[in-house]
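Numbering (my numbering), first residue to last: 274 to 742. To start, the structure itself, in structure tokens.
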């Protein structure tokens, strides 16, 4: 029996002397080291995971990992551990204690689903190797079990204003908003996004975090944008949002497909009073601007226009519309009145935007007022037929002779008409186009379908580049 007053931090040695009846002795010495251990082990730290120094607040299944570290006994060492789970620290009502060897620092339990979403604590008891064993215990932080995935929300692709869109106009850029992702047990703690096609959701951008991680209790981020894409023109793409709850379970929601449109709208055939490319207009009437706008990928979203006055040797100034910078244009034509200032060279500017944000802006030629119509005179039939003369055939081509001129904007077109009274009964096959020509003297026409014995008149109608007739 070693007295309890023997020092516990220094080694003791045994020496045995044996004496027989004739007082002969034998001395036995041994360097066997004996240590008196009357102290409990040093308690360590318990972790709610398979790895030490990391705690899970939520477990994703009923297989529970517990690990521990830093239990120690400098005198008699740790012999084994007893590990259990309970609803209260230090209890074992969820999983009975199991003995674990001293060289192990992790173990696993299978628990019933009845304990899902209830507080659970892991407790570890370390026992030393003293003759009368002593122990020390530690309990890990509370954790719970969540065996369900988050509830899926919605994902909406948006443009730079935050409005929902079905088109994207930049190959490197995509934005989305997402909402209503929920998890009533462990909460949604992280979001990731990916960009791809319907068949390959990560084709253009693999899953990346939007900014939250599993270390937070909940993630309040509700939108994202990326500038590192390479989206081909005309691609049908989708954005995927992957939400993760506190137990590590995930759910994925994908947006509706959006079209990638990297080209701006096309604007063609800008006409002034029906004439494409003219530099003239009639200042005494409203000026009608017409055009065609088209975008085969994302369609035309909006159009707007304005008229500028460009005085000689002075900056341009907007004169229409008067109340705003641009006039929204719902269709492909607009009528503008009051363009009558002689100091102005008028310019009509037109802008069309598609649903992907692409824009095209064009402008007319500088427009000059021309208030004088063309002059048409000396209309006769070939060979100088007199007024009231008889025409022998109504099927042959007839040549009309006339003088049509416009010394201002020039002629745009003319046509020959055959009239009976005030009604036109025949005409040249199509108006002859002579843009900018200042004079013309003859044109052919046919008298087919005329009635024998009736009297007709030959008329010539000329239009100049200002659309005056």
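C-beta atoms are modelled at their ideal positions from N, C-alpha and C, and glycine is treated no differently.
Please return the same chain residues whose Cβ sits closer than 6 Å to the Cβ of residue i, not counting the five positions on each side in sequence.
i, result
"residue 560", "554, 609 and 612"
"residue 730", "692"
"residue 642", "556"
"residue 257", "Absent from the model: residue 257. The displayed extent of the chain is 274 to 742, so no value can be given."
"residue 297", "none"
"residue 274", "Legend: pLDDT at residue 274 = 47, less than 50; position of this residue unreliable, value from coordinates given subsequently. Here the set comprises nothing."
"residue 567", "539"
"residue 513", "467, 474, 525 and 527"
"residue 379", "323 and 340"
"residue 291", "299"
"residue 508", "533"
"residue 333", "520, 521 and 522"
"residue 541", "565"
"residue 636", "620 and 622"
Do residue j and residue i come within 8 Å of each other at the CB atom, strictly closer than that value?
i, j, result
"residue 630", "residue 442", "yes"
"residue 376", "residue 313", "no"
"residue 315", "residue 344", "yes"
"residue 534", "residue 440", "yes"
"residue 739", "residue 684", "no"
"residue 651", "residue 676", "yes"
"residue 678", "residue 646", "no"
"residue 704", "residue 686", "yes"
"residue 689", "residue 706", "no"
"residue 342", "residue 309", "no"
"residue 600", "residue 634", "no"
"residue 485", "residue 449", "no"
"residue 420", "residue 389", "yes"
"residue 782", "residue 480", "With the chain covering only 274 through 742, there is no way to say anything about residue 782."
"residue 606", "residue 563", "yes"
"residue 680", "residue 699", "no"
Quick one: what's got a C-beta closer than 8 Å to residue i's C-beta in the same chain, skipping five residues either side?
i, result
"residue 580", "591, 592, 593, 609, 612, 619, 620, 621 and 622"
"residue 502", "444, 445, 446, 447, 468, 477 and 478"
"residue 362", "394, 396 and 412"
"residue 511", "468, 469, 470, 471, 474, 527, 528, 529, 530 and 531"
"residue 517", "423, 461, 462, 463, 464, 465, 487 and 523"
Going by DSSP, what residue range makes up the beta strand (DSSP E) through residue i?
i, result
"residue 477", "Neither: residue 477 is in no beta strand (DSSP E) and is coded neither H nor E."
"residue 636", "632-636"
"residue 401", "394-401"
"residue 504", "Unbroken run through residue 504: none, as it is neither H nor E."
"residue 576", "573-584"
"residue 341", "336-342"
"residue 623", "617-627"
"residue 567", "560-567"
"residue 727", "Unbroken run through residue 727: none, as it is neither H nor E."
"residue 486", "It is not in any beta strand (DSSP E) - residue 486 carries neither H nor E in the DSSP assignment."
"residue 708", "705-710"
"residue 494", "Run containing residue 494: none; DSSP gives neither H nor E here."
"residue 467", "461-469"
"residue 551", "Neither: residue 551 is in no beta strand (DSSP E) and is coded neither H nor E."
"residue 532", "531-533"
"residue 700", "696-700"
"residue 691", "684-693"
"residue 545", "539-545"
Can you list, in chain order, the residues of its chain with a C-beta nearer than 7 Å to that of residue i? Leave out the 5 residues immediately preceding and following it.
i, result
"residue 617", "582, 583 and 584"
"residue 574", "626, 627 and 628"
"residue 245", "Because the chain in this structure spans residues 274 to 742, residue 245 falls outside the shown range and cannot be described."
"residue 322", "328, 329, 338 and 340"
"residue 368", "357, 358, 382 and 384"
"residue 360", "366, 367, 391, 392 and 393"
"residue 571", "440, 532, 534, 627, 628 and 629"
"residue 644", "555, 556 and 557"
Cβ of residue i within 7 Å of any heavy atom in the ligand GTP?
i, result
"residue 361", "The model depicted lacks the ligand GTP and carries no ligand whatsoever."
_When you compare the stretch 446-464 with the stretch 546-565, are there three or more beta-carbon pairs, one atom per stretch, that lie closer than 8 Å?_
These segments do not touch.
*Evaluate the contact criterion for the stretch 421-439 versus the stretch 391-402: three or more CB pairs, one atom per stretch, below 8 Å.*
With the rule of 3 Cβ pairs closer than 8 Å, the stretch 421-439 does not count as touching the stretch 391-402.
*asked:* Quick check for students: name the residue ranges of the beta strand (DSSP E) that lie wholly in the stretch 403-454, counting only runs of 3 or more.
replied: 408-412, 427-430 and 447-452
_Quick check on the DSSP output: what are the complete beta strand (DSSP E) runs of length 3 or more inside the stretch 307-382, in order along the chain?_
318-320, 336-342, 351-359 and 368-374
*Could you give the uninterrupted runs of the beta strand (DSSP E) lying entirely in the stretch 584-610, keeping only those of 3 residues or more?*
590-593 and 606-609
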